[in-house]
Amino acid sequence: MSVLDQLAQWISQAIETGFSVTVPPEEVQLDLPPDAALGDLAFGCFPLAKACRRAPQQIALELARRLEGHPGLVAVRADGPYLNLSLEKSAWFAEVLGGWLAAGPELALPAEQRRRYLVEFSCPNTNKPQHLGHVRNNFLGDALSRLLGAVGHEVTRVNLINDRGIHICKSMLAWQRWGEGRTPENTGRKGDHLVGDSYVEFASRLAAEEAAWRQDRGLAGPATEVEHAKFEAQSELLGAARLLLQAWEAGDEGVHALWRRMNDWVLAGYRETYTRQGIDFDRVFYESEIWKLGRSEVEEGLARGVFRREPGGAVVCPLEELGLEPKILLRSDGTAIYMTQDLGNAVMRHRQLGFDAMIYVVGSEQEHHFRVLFHILGKLGYDWAGRLTHFSYGMVNLPSGRMKSREGTVVDADDLLDELELACRRVLEESQKRSDLPDAQKDEIVCQLALAAVKYFVLKVNPRLDMLYDPEESIDLAGNTGPYLQYAHARIRSLVRKSGLEPDGQQSFELLVEPEEVELLKTLALWPREVRLAAAQLNPARVAQRTYELARCFSRFFNAHSVFDRVDDPRLAAQRIALVAAVGAALRRGLDLLGIPTPERI
Numbered sequence: 042m043s044v045l046d047q048l049a050q051w052i053s054q055a056i057e058t059g060f061s062v063t064v065p066p067e068e069v070q071l072d073l074p075p076d077a078a079l080g081d082l083a084f085g086c087f088p089l090a091k092a093c094r095r096a097p098q099q100i101a102l103e104l105a106r107r108l109e110g111h112p113g114l115v116a117v118r119a120d121g122p123y124l125n126l127s128l129e130k131s132a133w134f135a136e137v138l139g140g141w142l143a144a145g146p147e148l149a150l151p152a153e154q155r156r157r158y159l160v161e162f163s164c165p166n167t168n169k170p171q172h173l174g175h176v177r178n179n180f181l182g183d184a185l186s187r188l189l190g191a192v193g194h195e196v197t198r199v200n201l202i203n204d205r206g207i208h209i210c211k212s213m214l215a216w217q218r219w220g221e222g223r224t225p226e227n228t229g230r231k232g233d234h235l236v237g238d239s240y241v242e243f244a245s246r247l248a249a250e251e252a253a254w255r256q257d258r259g260l261a262g263p264a265t266e267v268e269h270a271k272f273e274a275q276s277e278l279l280g281a282a283r284l285l286l287q288a289w290e291a292g293d294e295g296v297h298a299l300w301r302r303m304n305d306w307v308l309a310g311y312r313e314t315y316t317r318q319g320i321d322f323d324r325v326f327y328e329s330e331i332w333k334l335g336r337s338e339v340e341e342g343l344a345r346g347v348f349r350r351e352p353g354g355a356v357v358c359p360l361e362e363l364g365l366e367p368k369i370l371l372r373s374d375g376t377a378i379y380m381t382q383d384l385g386n387a388v389m390r391h392r393q394l395g396f397d398a399m400i401y402v403v404g405s406e407q408e409h410h411f412r413v414l415f416h417i418l419g420k421l422g423y424d425w426a427g428r429l430t431h432f433s434y435g436m437v438n439l440p441s442g443r444m445k446s447r448e449g450t451v452v453d454a455d456d457l458l459d460e461l462e463l464a465c466r467r468v469l470e471e472s473q474k475r476s477d478l479p480d481a482q483k484d485e486i487v488c489q490l491a492l493a494a495v496k497y498f499v500l501k502v503n504p505r506l507d508m509l510y511d512p513e514e515s516i517d518l519a520g521n522t523g524p525y526l527q528y529a530h531a532r533i534r535s536l537v538r539k540s541g542l543e544p545d546g547q548q549s550f551e552l553l554v555e556p557e558e559v560e561l562l563k564t565l566a567l568w569p570r571e572v573r574l575a576a577a578q579l580n581p582a583r584v585a586q587r588t589y590e591l592a593r594c595f596s597r598f599f600n601a602h603s604v605f606d607r608v609d610d611p612r613l614a615a616q617r618i619a620l621v622a623a624v625g626a627a628l629r630r631g632l633d634l635l636g637i638p639t640p641e642r643i
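Offset between the sequence shown (1-based) and my numbering: plus 41.
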């Protein structure tokens, strides 16, 4: 057990004995005090006030009294609502640096706390290329999977490709009528982009059809819901798309041949996009293979009285207990809706893969859907429904406003990386960095910088919040950016190489007493607990924040002290190289948890 884990256990026990309140050691949040003179670590008592029914200041005083005299603690004192602690540093720092310079500190939870997780993310529709909204989903799902795996959970990454439905038929119809035989092979256009062109074409033609329909009827001004519904019922284009869907569901071979051909184009394009983004999956499911699965669940629920049939023939699930209107599961004509499919999909996942918990990474606009889905699964008697989580994240907006796929106003994922690579190449050329490297290696570094720029910018934001994406800000080598962190890591690797010293984690570190050195050591010590907290909170932004703070700590140290070249005492140089190498290992681990590459040179 590490020094900090032991300390957290002592604090947990003191809370239990002093106030009869249980706070597991892994939930004890330790941090650096604002002034190093206050102590090495601080524990804020604000979160305990309600449970302990005491003022935070009183809680801090009582905990200080109970912890006084523990071995390894030099001083314990209450400063207002904070418990400040000073530790015996030599053994602590030796443990910290030795751990980072060996295999890295232990992040895994005790075996009894580890679970089997399914993380479902990405889930694009095969009628268009992926855009910036998909990018946030992909990166969040990947980072969550990495975080959960890092602390010892068994993680299965799942993708559900939405490859059927009316939206797919719209692209198919547009390609049939106006595609003029264009293919990825004869145009050189990436397959998902080519199909997306047809989706935008359909939307444009449909808008023109509606405008003509309104003009014929002398309608002016914005369309009302009633007018729009009338148009959709009479639209030739929508009618033709619906006929395509009906033919697909009836198994029409000609329609299926076209569907397979266009889906293959899109899926080939997606594979390129995922590879470029560093995203992969353990299992990929397709809506076309599972869309009928939920019907038997609904029919069984109807037979058991969980659901009811309305006079018009529709099957619904009453939701009075949620204060909601009944949810339709089968329409009056017997056809299923998306909720029905999701019911069957969840049951199939549990039967096939098994899980202790499943996380759906889906935008916040679907919060109502998942609330109802989980509730219905519970009503059907599936006890694991309570272990389903909707990881709801905010929208990605642009300075110009929200993105709209059907209008072609989205930021395409591939185009975004293309533009970022151009920008990163320009930054490198202007700063004249790495002019000594072969062009192929420069190209690789540019790709790594671009990926870091967008990944870090997306992941550093609290996932629950909407965000505004700024490409220029994301590539700033001096800001809170992915390239800045990559540069800090590369600089450390360069320092270690130039020193000619082998970082040694087995030496004593009694010479590391400068404030910047101590700050770095304490930040390194806290890092593993921060990763566990980030995993428990399902919050990759916490890792991004702590990794950036570590890089800033290193910058303060580097600007204040020589590492080895102007250090007279060889023992101090060796200890500083060990410290710097440990920081590099931590930066590399933090970036890896975010799915960000770490080039050795920039």
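The beta carbon of each residue, even a glycine, is placed where N, CA and C say it ideally should be.
- Take the alpha-carbon of residue 315 and the one of residue 321: they are about 7 angstroms apart.
- Here the region 548 to 564 makes contact with the region 613 to 626; the two share three or more CB pairs at distances below 8 angstroms.
- Take residue 306, set aside five residues on each side of it, and the residues of its chain with a beta-carbon closer than 8 angstroms to its own are 224, 225, 232, 233, 235, 236, in chain order.
- Following the DSSP letters along the chain, one finds residue 273 inside the alpha helix (DSSP H) bounded by residues 266 to 275.
- If you look at residue 63, you'll find it isn't in any alpha helix (DSSP H); DSSP assigns it neither H nor E.
- Take the alpha-carbon of residue 190 and the one of residue 280: they are about 48 angstroms apart.
- In the DSSP annotation of this structure, the continuous segment of the alpha helix (DSSP H) that includes residue 184 starts and ends at 173 to 191.
- Counting along the chain, residue 145 sits inside no alpha helix (DSSP H), nor does DSSP assign it H or E at all.
- If you draw a 10 Å sphere on the C-beta of residue 502, you find 16 or more other C-beta atoms in it, and that means buried.
- Judged by DSSP secondary structure, residue 82 falls within the beta strand (DSSP E) whose first and last residues are 82 to 85.
- Annotated as proximal: residue 289 and residue 205, with beta-carbon spacing under 8 angstroms.
- Residue ranges of uninterrupted beta strand (DSSP E) with 3 or more members, entirely inside the region 313 to 362 and ordered along the chain, are 324 to 327, 356 to 358.
- For residue 194, the secondary structure class from DSSP, reduced to helix, strand or coil, is coil.
- Counting every other CB atom within 10 Å of its CB across the protein chains shown gives residue 506 a total below 16, marking it as exposed.
- Secondary-structure assignment with DSSP links residue 431 through a beta bridge to 401.
- Nearest C-alpha to residue 121 among 86, 112, 75, 138: 86.
- Our two residues, residue 277 and residue 381, have alpha carbons roughly 29 angstroms apart in a direct line.
- In the structure shown, the three-state DSSP call for residue 370 is strand.
- As the crow flies, the alpha-carbon of residue 404 is around 10 angstroms from that of residue 437.
- Residue 91 sits exposed, since fewer than 16 C-beta atoms from the chains shown fall within 10 Å of its C-beta.
- By the neighbour-count criterion, in which a residue is buried when 16 or more other Cβ atoms sit within 10 angstroms of its Cβ, residue 395 is exposed.
- Judged by DSSP in its simplified three-state form, residue 71 adopts strand.
- Between the C-alpha atoms of residue 559 and residue 462 there is a straight-line separation of about 38 angstroms.
- Here residue 530 is buried, its C-beta having at least 16 other C-beta atoms within 10 Å.
- In this structure, the CA atom of residue 117 is about 10 angstroms from the CA atom of residue 83.
- Membership of residue 203 in any alpha helix (DSSP H) is not indicated, and neither H nor E is assigned to it by DSSP.
- By the criterion of at least three beta-carbon pairs nearer than 8 angstroms, the region 164 to 175 is not in contact with the region 282 to 297.
- Contact check for residue 523 against residue 637 passes: the beta carbons are separated by less than 8 angstroms.
- Taking C-alpha positions only, residue 93 is separated from residue 147 by approximately 32 angstroms.
- In the DSSP assignment, residue 600 falls outside any beta strand (DSSP E) and within the unbroken alpha helix (DSSP H) covering 581 to 601.
- Per the C-alpha coordinates, the member of 611, 142, 126 positioned closest to residue 79 is 126.
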